[in-house]
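Worksheet: the structure to be examined is printed underneath.
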Amino acid sequence: MKRLIVFAFAFVVAMAASAGLINFKRISSDGTYYYKYVCTVNSNGVRTKRNFNNGREFFVTFASGMSVAVPFTDENGNGTGFYSRYAGRNGDVITYKGFYLDESSPNARAYSWGAAEATMAMMGGGSYKNVKMCFSSDYSRLNIITSVGLVHVLERATRPEEEEAPSSLY
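As numbered in the working numbering, residues 25 to 194 make up the sequence shown, in order.
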């Protein structure tokens, strides 16, 4: 039941945003990158494919000197109202932790909470406060680790429409 309520809330937020009733501000970014979903690894090490991000493109926008990562933005850096904070580096792995909510107003907090909860439900559950985003040192690989033991594997790629297509076919 909780998932149904979260999905309904997220749907209302998405519809309101697309109608211009909610305007998520563009993030002053250090860069926005497209990541392609590869697979999900469960706690037993089994690789599976999921409908990650409901089949939509996945972008991460970095801000504040790379100290903030904003997942699930669009290609222009427009966010969903939550972000992750830089947590440190261990060898070649750079970690950002948690989904922190937009605290600029009670309405913004409510919208970002709904978006964070819906995102966690889409990723298989767990707490938005305990999610980790682990990047390779060159940011070419991303593992999103949930508190329920799922690891979503993504790799930085060129967006499909940015690739050159041949002008004719054989």
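Glycine included, every Cβ here is placed at the ideal spot set by N, Cα and C.
None of the values given here were measured: they were computed from a predicted structure.
In the three-state scheme derived from DSSP, where H, G and I count as helix and E and B as strand, Asn78 is classed as helix. For Glu141, the enclosing alpha helix (DSSP H) has its first and last residue at 130 to 146. Annotation: Ser128 to Asn102 spans about 16 angstroms, alpha carbon to alpha carbon. Going by DSSP, Val92 is part of the beta strand (DSSP E) stretching over 92 to 97. Counting the other CB atoms within 10 Å of its CB gives Tyr194 a total below 16, which places it among the exposed residues. Around the Cβ of Val117, a 10 Å sphere holds fewer than 16 other Cβ atoms; the residue is exposed. Counting every other CB atom within 10 Å of its CB across the protein chains shown gives Gly105 a total of 16 or more, marking it as buried. Nearest in C-alpha terms to Asn167, of all of Ser160, Ser161, Val177, is Val177. Bounds of the beta strand (DSSP E) holding Asn167 are 165 to 169. With distances taken between CA atoms, Thr64 lies nearest to Phe76 out of Tyr124, Tyr58, Phe76. The C-beta of Val70 has fewer than 16 other C-beta atoms within 10 Å across all chains shown, which makes the residue exposed. CA-to-CA, the gap between Gly112 and Pro130 works out to about 30 angstroms. In terms of Cβ geometry, Tyr120 and Ser108 form a close pair [threshold 7 angstroms]. Under the three-state reduction of DSSP output, Glu127 falls in the coil class, being neither helix nor strand. Tyr59 is positioned such that its CB atom lies closer than 7 angstroms to that of Phe82.
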